[in-house]
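Visitor: Below is one structure. I have some questions about it.
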Amino acid sequence: MSELDLSGIDPLRRGEVRRRIGVLDRYLAIERPTRADAERHAGEIGIGVAQFYRLAKAWRLHRKPQMVGAGERGRPRTRRDGVPEKSRSIVVEVIGELGADAKLADLLREVARRCEAAGTVTPSRGALWTYVMDARATSPIRTNEPRRIVVGRVWAELPTLHGDGNMFPEVAIAMLLPERTIIGSDVSLDPGKRGSAALALARAFATMGDVPADLQVEVSAADREEVLPVHLARLGREPLLGGRSTGTTIASNLGRMVGGLRILHRPHTANPDRLLAARSVKPLDGDAAATEVERAIRRHNEVISGDTVAAEPT
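Under my numbering, the first residue of the sequence shown is numbered 2, with each subsequent residue one higher.
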């Protein structure tokens with residue numbers, strides 16, 4: 002049986018989708034199922050027997066995981082949901098002309114000018130920022146940039162169990178530019194422990210194999226001492242400082258998503274418990290969260306490089 006593509010399923014719902022698929026497959030494996038069988042399996046999913054019959058038939062014919070997780074609430078409204086269509090068109094037009102890397106103030110000024118001329122509402126700065134971040138994630142590779150590695154941190158928007166509470170995993174990443182591929186990473190599932198920037202860089206060097214002697218590595222001031230031994234051992238010199246933080250460079254190249262997984266560029270910009278309540282889902286355990294991060298990075302690299310994206314195994 003071919004593997005199922007779960008890439009279009011919310012990572013927080015994949016566990017439940019896999020569970021439901023297991024129930025459906027067990028039911029369909031029965032040679033001559035009775036109504037009692039249908040009622041029992043429908044109860045495992047939590048739906049009525051009539052609905053279960055329809056779902057089982059659709060699953061047998063199409064095997065699309067997206068149909069199995071229906072009936073759940075989606076993501077809360079965002080700041081750009083109320084932007085009129087005419088304003089959205091202007092935003093896309095301006096970003097296309099000025100570039101996703103243009104200063105937000107310059108983009109907002111031009112958007113406001115065109116929206117006023119067109120007699121439509123000017124989106125807020127926050128709404129415009131979400132469009133810019135999405136555009137950055139899919140913009141063409143800037144081949145005129147120097148080839149280098151940028152080391153920094155992002156937080157995966159995956160509420161994850163830790164002790165009696167929930168957290169967002171911190172991911173130290175080493176990103177190769179201008180390719181925008183993530184070639185080294187380390188995930189922390191403990192809010193009291195940072196993802197290892199040194200380990201992310203060491204894995205990046207291992208991925209590259211033959212590292213050019215003149216390759217530059219940019220790190221934040223906070224991570225410099227940690228990565229220094231790894232950098233000296235491989236390149237024999239100190240890394241470049243990317244300012245107080247390399248987050249701006251990473252944000253401008255990754256946008257808000259990595260392989261379909263929403264990421265945060267600051268650790269406290271969202272609340273795990275609020276997200277769980279809004280989306281009516283349960284937090285992941287540590288192993289599941291780490292697996293989702295690894296999958297997202299792999300898919301990001303495949304999309305960026307133009308490789309065919311493999312189906313996510315169930």
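From the three backbone atoms N, C-alpha and C, an ideal C-beta is built for every residue, glycine too.
Treat the numbers as computed from the prediction; the structure is a model and nothing was measured.
1. Using 10 angstroms around the beta-carbon of Ser-90, count the other beta-carbons present and answer buried if the total reaches 16, otherwise exposed.
2. Quick one: does the C-beta of Cys-116 sit closer than 6 Å to a heavy atom of the ligand COA?
3. Taking Asp-187 as part of the alpha helix (DSSP H), name the residues at either end of that continuous run.
4. Could you tell me which of Gly-44, Ala-252, Arg-14 sits nearest to Val-69, measuring between CA atoms?
5. Is Thr-249 helix, strand or coil by DSSP?
6. Do you know offhand how far Glu-239's Cα is from Leu-229's?
7. With the cut-off set at 7 Å, would you say Arg-88 and Val-133 are in Cβ contact?
8. Arg-110 to Arg-267, Cα distance in whole Å?
9. Hey, how far is the Cα of Asp-274 from the Cα of Glu-40?
10. Which residue wins for smallest C-alpha separation from Val-151, given the options Pro-170, Met-176, Leu-277?
11. Which partner residues does Ile-258 have in the DSSP bridge list?
12. How big is the Cα-Cα spacing for Ala-119 and Ala-136?
13. Quick one: what does DSSP say Arg-15 is sitting in, helix, strand or coil?
14. Evaluate Thr-1 with the Cβ neighbour count: other Cβ atoms within 10 Å of its Cβ, from every protein chain shown; 16 or more gives buried, anything less gives exposed.
15. Beta-carbon within less than 7 Å of Val-92's beta-carbon, same chain only, minus the 5 sequence neighbours each way: which residues are those?
16. Return the CA-CA distance between Glu-293 and Leu-242, expressed in angstroms with no decimal places.
17. Along the chain, which unbroken stretches of the alpha helix (DSSP H) at least 4 residues long are found entirely within the segment 88-120?
18. Rounding to the nearest angstrom, what Cα-Cα distance links Arg-296 and Met-258 in this structure?
19. What does a CB cutoff of less than 8 Å around Phe-169 pick up in its chain, not counting 5 residues either side in sequence?
20. Can you tell me the Cβ-Cβ gap for Ala-199 and Glu-227, rounded? I've got them flagged as a contact below 8 Å.
21. Measuring alpha carbon to alpha carbon, tell me which of Gly-127, Gln-67, Ile-184, Ala-106 ends up nearest Glu-17.
22. What is the DSSP secondary structure of Glu-219, reduced to helix, strand or coil?
23. State buried or exposed for Ala-224, treating a residue as buried only when at least 16 other CB atoms are found within 10 Å of its CB.
Guide: Short version:
1. Its Cβ having fewer than 16 others within 10 Å, Ser-90 is exposed.
2. Inclusion of the ligand COA in the displayed structure is not the case, the ligand content being empty and no account of it being possible.
3. Premise fails: Asp-187 lies in the beta strand (DSSP E), 182-189, not in any alpha helix (DSSP H).
4. Nearest to Val-69 by alpha-carbon distance, out of Gly-44, Ala-252, Arg-14, is Arg-14.
5. Reduced to three states, the DSSP call for Thr-249 is helix.
6. Just so you know, the alpha carbons of Glu-239 and Leu-229 end up roughly 7 Å apart.
7. Here the sequence assigns Ser to residue 88, which means Arg is not the residue at that position. No.
8. Cα-Cα distance, rounded: 26 Å.
9. About 34 Å.
10. Per the Cα distances, Met-176.
11. The residue you asked about is not Ile; residue 258 is Met in the sequence shown. DSSP output for Met-258 lists Arg-263 as bridge partner(s).
12. Roughly 23 Å separates the two Cα atoms.
13. Secondary structure of Arg-15 (DSSP, three-state): helix.
14. Given a span of 2 to 315 for the chain in the structure shown, any question on residue 1 remains unanswerable.
15. Cβ neighbours of Val-92 beyond the five flanking positions: Val-112, Pro-124, Leu-129, Tyr-132.
16. C-alpha separation (whole angstroms): 31 Å.
17. List check, alpha helix (DSSP H) in window: 105-119.
18. For Arg-296 and Met-258, the gap between their C-alpha atoms comes out near 13 Å.
19. Sequence-distant Cβ neighbours of Phe-169 in its own chain, meaning closer than 8 Å and more than five residues away, are Trp-156, Ala-157, Glu-158, Leu-159, Pro-160, Thr-161, Leu-265, Pro-268, Ala-271, Pro-273.
20. Right, the Cβ-Cβ distance comes to about 5 Å (below 8 Å), so this counts as a contact.
21. If we check each option's Cα against that of Glu-17, Gln-67 comes out closest.
22. In the three-state reduction of the DSSP assignment, Glu-219 falls in the strand class.
23. According to the sequence provided, residue 224 is Asp. The question's Ala does not apply to it. That one is buried.
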